[in-house]
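**Q**
Numbering (my numbering), first residue to last: 39 to 216.
1) Please say whether residue 161 and residue 123 have beta carbons closer to each other than 8 Å?
2) Thinking C-alpha only, which one of 135, 147, 73 is nearest residue 107?
3) Is the separation between the beta-carbon of residue 165 and that of residue 118 shorter than 8 Å?
4) Express the C-alpha separation of residue 143 and residue 191 in angstroms, rounding to a whole number.
5) So, helix, strand or coil for residue 93, using DSSP?
6) In terms of residue numbering, what span does the alpha helix (DSSP H) encompassing residue 163 cover?
7) Locate the alpha helix (DSSP H) running through residue 58, then write down its first and last residues.
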């Protein structure tokens, strides 16, 4: 099946356009980074990709991606000015409006929910957004996953999670001691 394998002409033309922008899709080599995403979310790059797939929802998808790109550019590790906070709030509203137009019946992922519902309040309270990072959460998630594998022979879920939690406490004690 061409659509599933990603070998269709639209996919190939998009990959060529992305490569021309400096965002090669070599994700399996883990060289596709946030900087590549930033290049893809540039307004010119979105225009280039959008005209390759004409559809009635494309204008909404395009504006959604433009809003995400603008939001990503505001994600810098410093305090935000009142103008920047207002622009962030505006772009989140734009993102949500266009998301409802092309995917209104779909479920919202937890990360998108956080962006739509909680980031603005966090920024207002702390005057920053990017001084925090989800990398620590993802790192903890990786440790929990490896501990769950380590304790997979324990069938009772509460007991297994107790061992995972206890191991996390031990890790914390060890790393805080040095």
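Idealized CB from N, CA, C, for every residue including glycine. If you're wondering where the values come from, they're calculated on a predicted model, not measured in any experiment.
**A** Let me spell this out:
1) The count along the chain shown starts at 1 and reaches residue 123 at position 85. The count along the chain shown starts at 1 and reaches residue 161 at position 123. The criterion of a C-beta distance shorter than 8 Å is satisfied by residue 123 and residue 161.
2) If you number the chain shown from 1, residue 107 lands on position 69. It is 73 whose Cα lies nearest to the Cα of residue 107.
3) For this step, residue 165 is matched to residue 127 along the chain shown. For this step, residue 118 is matched to residue 80 along the chain shown. It is a contact, given that the beta carbons lie within the stated cut-off.
4) By 1-based counting over the chain shown, the position of residue 191 is 153. By 1-based counting over the chain shown, the position of residue 143 is 105. For residue 191 and residue 143, the distance between alpha carbons rounds to 40 Å.
5) Numbered from 1 along the chain shown, position 55 holds the residue referred to as residue 93. Correct three-state label for residue 93: coil.
6) Working through the chain shown from its first residue, we reach residue 163 at position 125. Start and end: 157 to 164.
7) Translated into positions along the chain shown, residue 58 becomes position 20. Boundaries of the alpha helix (DSSP H) around residue 58: 47 to 58.
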